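Here is the structure we will look at.
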Amino acid sequence: MCGIAGIAQLNAQASCLATDLASLSRQLRHRGPDDEGYMLVDFGRQTTRHCIGDDSQPSQIARHIREEVQTPAHVGLTHRRLSILDVSAAGHQPMSSPDGRYHLIYNGEVYNFVELRKELEKEGCSFQSSSDTEVVLAALSTWGIHALQRFVGMFALAWLDIQEHHLLLARDPFGIKPLHYCQTASQFAFASEPRALLNLPGVSRQIDPQATYTYLRHNVTDHNDSTFFRDIRQLPPAHVLQLDLRTASPASISRFWSSEIGRDWTSDYPAAIDRLKCEFLESVRLHLRSDVPLSVMLSGGIDSSAVTMLTRRLLGPQAPLEAFSYISPDPRRDESRWVDIVVASAQANVHRVEPKLDTLTEDIDRVIESQQAPFGSLSIVAQYCVFRKIRESGIKVSLSGQGADELLGGYSPFVAARLASLVRTGHWLSAARFFHRGSQRWPGRKRLTSGVAQQLLPAFIEKPIRRVMGKQAVPGWMNRSWFLARDVAMESVREHRSGAAQPLKSALLDSLTRTNLPELLRYEDRNSMAHSVESRVPFLTTPLVSFLTSLPEEYIISDQCISKAIFRDAMRKSVPDAILDRQDKVAFSAPLKQWFPTLEPWIEATLSSDAAARMAPLDHAAVRAQWDLVRAGKKRPDNLLWRWVNLIRWAEQFQVAVS
Numbered sequence: 011m012c013g014i015a016g017i018a019q020l021n022a023q024a025s026c027l028a029t030d031l032a033s034l035s036r037q038l039r040h041r042g043p044d045d046e047g048y049m050l051v052d053f054g055r056q057t058t059r060h061c062i063g064d065d066s067q068p069s070q071i072a073r074h075i076r077e078e079v080q081t082p083a084h085v086g087l088t089h090r091r092l093s094i095l096d097v098s099a100a101g102h103q104p105m106s107s108p109d110g111r112y113h114l115i116y117n118g119e120v121y122n123f124v125e126l127r128k129e130l131e132k133e134g135c136s137f138q139s140s141s142d143t144e145v146v147l148a149a150l151s152t153w154g155i156h157a158l159q160r161f162v163g164m165f166a167l168a169w170l171d172i173q174e175h176h177l178l179l180a181r182d183p184f185g186i187k188p189l190h191y192c193q194t195a196s197q198f199a200f201a202s203e204p205r206a207l208l209n210l211p212g213v214s215r216q217i218d219p220q221a222t223y224t225y226l227r228h229n230v231t232d233h234n235d236s237t238f239f240r241d242i243r244q245l246p247p248a249h250v251l252q253l254d255l256r257t258a259s260p261a262s263i264s265r266f267w268s269s270e271i272g273r274d275w276t277s278d279y280p281a282a283i284d285r286l287k288c289e290f291l292e293s294v295r296l297h298l299r300s301d302v303p304l305s306v307m308l309s310g311g312i313d314s315s316a317v318t319m320l321t322r323r324l325l326g327p328q329a330p331l332e333a334f335s336y337i338s339p340d341p342r343r344d345e346s347r348w349v350d351i352v353v354a355s356a357q358a359n360v361h362r363v364e365p366k367l368d369t370l371t372e373d374i375d376r377v378i379e380s381q382q383a384p385f386g387s388l389s390i391v392a393q394y395c396v397f398r399k400i401r402e403s404g405i406k407v408s409l410s411g412q413g414a415d416e417l418l419g420g421y422s423p424f425v426a427a428r429l430a431s432l433v434r435t436g437h438w439l440s441a442a443r444f445f446h447r448g449s450q451r452w453p454g455r456k457r458l459t460s461g462v463a464q465q466l467l468p469a470f471i472e473k474p475i476r477r478v479m480g481k482q483a484v485p486g487w488m489n490r491s492w493f494l495a496r497d498v499a500m501e502s503v504r505e506h507r508s509g510a511a512q513p514l515k516s517a518l519l520d521s522l523t524r525t526n527l528p529e530l531l532r533y534e535d536r537n538s539m540a541h542s543v544e545s546r547v548p549f550l551t552t553p554l555v556s557f558l559t560s561l562p563e564e565y566i567i568s569d570q571c572i573s574k575a576i577f578r579d580a581m582r583k584s585v586p587d588a589i590l591d592r593q594d595k596v597a598f599s600a601p602l603k604q605w606f607p608t609l610e611p612w613i614e615a616t617l618s619s620d621a622a623a624r625m626a627p628l629d630h631a632a633v634r635a636q637w638d639l640v641r642a643g644k645k646r647p648d649n650l651l652w653r654w655v656n657l658i659r660w661a662e663q664f665q666v667a668v669s
């Protein structure tokens with residue numbers, strides 16, 4: 011796990027890149043405090059110069075980047091290392107191929123590097139280290155872009171071919187690791203985080219109007235390649251960006267992997283259970299590869315409990331196992347009872363994390379700084395506190411259950427999608443029974459009916475219905491004229507699935523790739539890396555996801571309205587029955603009611619600030635009126651209020667231009 015960044019000249023003119031490159035590196039230090047490396051490439055002189063920085067390991071012998079401020083170069087690369095696999099200097103980056111043609115900077119872990127290494131050795135490759143970085147470089151040098159499809163893991167990388175003057179950027183299939191880029195008239199630059207790019211010449215801090223609308227109106231971020239900074243984009247998951255530095259022609263972006271709906275599991279349910287057991291166990295086994303201590307994040311839910319129990323099984327009964335759990339002060343959301351069951355069964359040492367009210371507002375501002383973009387819920391602060399505790403405990407790696415809800419139907423809207431499938435296929439009796447069970451167990455009759463209608467009604471009917479229900483494209487608290495003046499598309503980002511042959515599968519794929527998981531992965535990456543912790547997500551591997559998306563919908567949510575049905579059955583005898591039999595869904599959410607007395611003066615100060623007055627996308631009179639209702643106890647504080655406050659404080663912290 012690391013931070014990467016680079017600059018490439020687009021005008022064929024070498025430029026002094028060292029100062030800007032060092033600035034990029036400083037902004038990414040938290041992602042990799044263990045080592046620091048640089049490389050400057052001059053195509054004209056055919057020179058490649060490796061440099062060190064203040065955090066480079068003592069064994070690295072090279073000129074300091076400060077000594078190269080007058081050195082012209084066409085390409086500059088920098089890498090910040092968090093040492094996880096082969097913590098020796100042999101894993102230093104940028105890393106070059108033996109013949110000096112290819113060069114790599116890489117953030118992430120390719121967990122099947124041991125198996126790939128054996129394949130590459132058969133093709134004549136030799137290795138000098140035990141790091142996965144050297145395997146990734148050899149795989150790209152041997153197989154080219156097709157190597158990406160063989161990687162099982164998480165990655166964001168830059169691969170430079172100095173013979174062809176060709177730069178390739180790639181991001182893993184699910185976007186677990188981030189990669190941002192920007193382009194001016196003379197330069198192309200990229201980095202693991204947008205903040206690193208903001209100080210480069212020619213990069214604006216202007217807000218992106220479309221991203222702002224989508225966040226404020228729909229509470230969705232990270233659903234496409236945009237960011238909240240107009241000049242900065244993010245490479246989509248499962249995509250590569252290729253740049254020909256000879257011609258400086260526009261970068262080409264293409265997909266290298268996809269999980270498609272329609273492939274069907276051809277065997278029976280028991281065979282699917284056996285396959286799932288094998289796939290998930292193998293994924294956890296690969297995710298435990300580490301040369302430093304690791305831990306698990308345990309909520310007490312099915313997903314994190316399964317990760318914890320299989321981790322214990324694979325580590326053996328005597329190995330230490332550290333678990334970290336967030337404990338909510340809201341009794342309705344306190345999962346201590348379930349955590350205790352798993353901890354006892356796994357014989358784990360649990361660290362309980364509770365937010366501290368006396369530092370709550372400071373923690374919120376730290377999270378805003380770390381996220382570098384507005385976020386839709388204060389629950390992210392709780393996650394931030396858990397990662398801080400992990401690092402304070404001296405641990406660098408933690409496994410979580412992220413991604414399981416999107417794959418296995420863990421959210422209530424998926425119940426409506428499953429019911430829509432039964433209706434569409436004419437299974438009326440099954441649909442009636444499902445509706446009865448679902449309305450009792452999940453969102454209730456009204457919400458379930460509304461959800462099914464949204465799945466089945468044609469798209470042209472949706473907008474009139476939303477207007478009748480009072481759901482305007484631009485609510486009164488948004489400054490409609492500001493968005494209209496910027497040609498913002500005032501549409502829902504959630505795909506309308508009225509024509510989907512398999513509504514549940516379509517909804518799962520949308521959540522996995524667009525509307526839910528991408529932003530959750532961004533939260534987890536930024537929160538973990540703020541504390542130099544590597545977060546691993548064993549539910550998100552291409553073999554496991556490809557298998558799960560091939561299963562019939564009734565395997566995911568059963569006709570009895572049991573979510574994660576096949577996973578519950580697959581984990582019998584591995585996870586305590588009390589956990590697998592849970593039917594409640596306790597979201598990882600912040601206790602706004604308990605926190606409100608502490609937050610009220612802080613919110614008031616924010617909404618009364620000069621920064622709030624400059625936030626032109628908001629109608630300040632309407633926002634103020636809503637806030638006065640909350641203060642008077644006539645309206646509950648909710649995530650809508652948080653979105654306003656978060657946007658204002660983010661813009662102030664990052665000196666965002668809004669006009």
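Residue numbering for the sequence shown follows my numbering, beginning at 11 and increasing consecutively.
The beta-carbon is built from N, C-alpha and C at its ideal position, and this holds for glycine as well.
Being a predicted model, the structure only gives us computed values, none of them experimental.
**Request:** For my contact list, P247 and G185 are in at a C-beta cut-off of 8 Å; report their separation, rounded to the angstrom.
**Result:** Looking up residue 247 in the sequence shown gives position 237. Looking up residue 185 in the sequence shown gives position 175. About 3 Å separates the two Cβ atoms, so the contact holds.
**Asked** Ends of the beta strand (DSSP E) at G118?
**Response** Translated into the one-based positions of the sequence shown, residue 118 becomes position 108. Unbroken beta strand (DSSP E) run through G118: Y112 to V120.
**Request:** Please name the residue or residues paired with V462 in a DSSP beta bridge.
**Result:** Mapped onto the sequence shown, residue 462 falls at position 452. BP columns for V462 are empty, so no partner.
**Message:** Out of P82, I378 and V543, which one is the CA nearest neighbour of R659?
**Reply:** Taking the first residue of the sequence shown as position 1, residue 659 is located at position 649. Checking every option, the nearest Cα to that of R659 belongs to I378.
**Message:** Within a Cβ cutoff of 7 Å, which residues of the same chain sit near L522, ignoring the five residues on either side of it in sequence?
**Reply:** Translated into the one-based positions of the sequence shown, residue 522 becomes position 512. Excluding sequence neighbours, L522 sits near E416 and L417.
**Request:** Grab the span of the alpha helix (DSSP H) containing F577 for me, first residue to last.
**Result:** Start at 1 with the first residue of the sequence shown, and residue 577 comes out as number 567. Unbroken alpha helix (DSSP H) run through F577: A575 to A580.
**Prompt:** Apart from the five residues just before and just after N229, which ones in its own chain have a Cβ nearer than 6 Å to its Cβ?
**Reply:** Looking up residue 229 in the sequence shown gives position 219. Taken in chain order, the residues that qualify are G386.
**Message:** What does the alpha-carbon distance come out to for the pair D278 and L530?
**Reply:** Looking up residue 278 in the sequence shown gives position 268. Looking up residue 530 in the sequence shown gives position 520. Each residue's alpha carbon lies about 33 Å from the other.
**Asked** Should N359 and L331 be called a contact, given that it needs their Cβ atoms to be closer than 9 Å?
**Response** Taking the first residue of the sequence shown as 1, we reach residue 359 at position 349. Taking the first residue of the sequence shown as 1, we reach residue 331 at position 321. Yes, these two residues count as a Cβ contact at 9 Å.
**Prompt:** Below 9 Å between beta carbons: does that hold for I312 and I589?
**Reply:** Mapped onto the sequence shown, residue 312 falls at position 302. Mapped onto the sequence shown, residue 589 falls at position 579. Yes, they are a contact pair.
**Message:** Within 8 Å, do at least three Cβ pairs link the stretch 80-97 to the stretch 47-64?
**Reply:** yes
**Prompt:** Which runs of the beta strand (DSSP E), 3 residues or longer, sit entirely within the stretch 98-162?
**Reply:** DSSP runs (the beta strand (DSSP E)) wholly in the stretch 98-162: 112-120.
**First and last residue of the uninterrupted beta strand (DSSP E) at A18** = Counting from one through the sequence shown, the residue named residue 18 turns up at place 8. That run of the beta strand (DSSP E) goes C12 to Q19.
**Asked** Which one of Q159, R215 and D232 has the shortest CA to CA distance from A188?
**Response** What you label residue 188 is simply residue 178 of the sequence shown in a count that begins at 1. A quick correction: the sequence has Pro, not Ala, at residue 188. Here the closest residue by C-alpha is D232.
**Prompt:** Do A392 and S338 have their CB atoms nearer than 9 Å?
**Reply:** Translated into the one-based positions of the sequence shown, residue 392 becomes position 382. Translated into the one-based positions of the sequence shown, residue 338 becomes position 328. Yes, these two residues count as a Cβ contact at 9 Å.
**Message:** According to DSSP, is Y191 part of a helix, a strand, or is it coil?
**Reply:** In the sequence shown, the residue the question calls residue 191 occupies position 181. If DSSP states are grouped into helix, strand and coil, Y191 belongs with the strands.
**Collapsed DSSP secondary structure at I567 in the structure displayed** = Within the sequence shown, the letter at position 557 stands for residue 567. Strand.
**Prompt:** At what residues does the alpha helix (DSSP H) containing G448 begin and finish?
**Reply:** Indexing the sequence shown from 1 puts residue 448 at position 438. In the DSSP assignment, G448 falls within the unbroken alpha helix (DSSP H) covering W438 to R451.
**Request:** State yes or no: is the C-beta of G384 within less than 9 Å of the C-beta of Y225?
**Result:** Taking the first residue of the sequence shown as position 1, residue 384 is located at position 374. Taking the first residue of the sequence shown as position 1, residue 225 is located at position 215. Per the sequence shown, residue 384 should be read as Pro rather than Gly. In this structure, Y225 lies closer than 9 Å to P384 by Cβ.
**Message:** For the structure I just gave you, are there three or more beta carbon pairs, one from the stretch 294-306 and one from the stretch 557-567, closer than 8 Å?
**Reply:** Because the criterion of three Cβ pairs below 8 Å is not met, the stretch 294-306 and the stretch 557-567 do not touch.
**Asked** Once you ignore the five residues that flank H297 on each side, which residues in its own chain have a CB closer than 7 Å to its CB?
**Response** For the purposes of this step, residue 297 is taken as residue 287 along the sequence shown, with counting starting at 1. Hits under 7 Å: Y121, L409, R546 and P548.
**Item:** Cβ shell of L554 (< 6 Å), same chain only, five flanking positions each side left out
**Value:** Residue mapping note: residue 554 aligns to position 544 of the sequence shown, counting from 1. Within the same chain, and ignoring the five residues on either side of L554 in sequence, the residues whose Cβ sits closer than 6 Å to its Cβ are E289 and S293.
**Request:** Assign R76 to one of two classes, buried (16 or more other C-beta atoms within 10 Å of its C-beta) or exposed (fewer than that).
**Result:** As a working note, residue 76 is residue 66 in the sequence shown. R76 comes out exposed.
**Request:** For H40, name the three-state secondary structure that DSSP assigns.
**Result:** Position 30 of the sequence shown holds residue 40. If DSSP states are grouped into helix, strand and coil, H40 belongs with the helices.
**Asked** Can you pull the DSSP bridge partners for R7?
**Response** Any question about residue 7 goes unanswered here, given that the chain covers just 11 to 669.
**Message:** Quick check on the burial criterion: 16 or more other C-beta atoms within 10 angstroms. Buried or exposed for K406?
**Reply:** Taking the first residue of the sequence shown as 1, we reach residue 406 at position 396. Answer is buried; the Cβ neighbour count reaches 16.
**Request:** Check N656 in the structure and name its three-state DSSP category.
**Result:** Position 646 of the sequence shown, counting from 1, holds the residue named residue 656. DSSP places N656 in helix when its eight states are reduced to three.
**Request:** Please report the residue range of the alpha helix (DSSP H) in which A635 lies.
**Result:** Start at 1 with the first residue of the sequence shown, and residue 635 comes out as number 625. Unbroken alpha helix (DSSP H) run through A635: H630 to R641.
**Prompt:** Hey, I263 and P204: beta-carbon distance below 9 Å or not?
**Reply:** Position 253 of the sequence shown, counted from the start, is the residue given in the question as residue 263. Position 194 of the sequence shown, counted from the start, is the residue given in the question as residue 204. Contact flag unset, no.
**Buried/exposed call for W637, threshold 16 Cβ in 10 Å** = The residue given as residue 637 occupies position 627 in the sequence shown. With 16 or more other CB atoms across the displayed protein chains lying within 10 angstroms of its CB, W637 is buried.
**Message:** Quick check on this structure: which residue in H40, D535 and V317 has the alpha carbon closest to the alpha carbon of R578?
**Reply:** The residue you call residue 578 lines up with position 568 of the sequence shown. With distances taken between Cα atoms, R578 lies closest to V317.
**Item:** Cut-off 7 Å between Cβ atoms - residues of its own chain near L27, not counting five sequence neighbours on either side
**Value:** As a first step, residue 27 is located in the sequence shown; it is residue number 17 there, counting from the start. Sequence-distant Cβ neighbours of L27 in its own chain, meaning closer than 7 Å and more than five residues away, are I17, L50, A83 and G86.
**Prompt:** So what's P82 in DSSP terms, helix, strand or just coil?
**Reply:** Sequence index remark: in the sequence shown, residue 82 carries index 72 (1-based). The three-state reading of DSSP puts P82 in strand, counting E and B together.
**Bridge partner(s) assigned by DSSP for C26** = Locating residue 26 in the sequence shown gives position 16, counting from the first residue. Looking at the DSSP assignment, C26 forms a beta bridge with P82.
**Message:** Does the contact criterion of 3 or more C-beta pairs under 8 Å hold for the stretch 482-495 versus the stretch 436-449?
**Reply:** no
**Item:** Sequence-distant residues of its chain with Cβ nearer than 8 Å to D340 (five each side left out)
**Value:** Your numbering for residue 340 matches position 330 in the sequence shown. Hits under 8 Å: P601, K603 and Q604.
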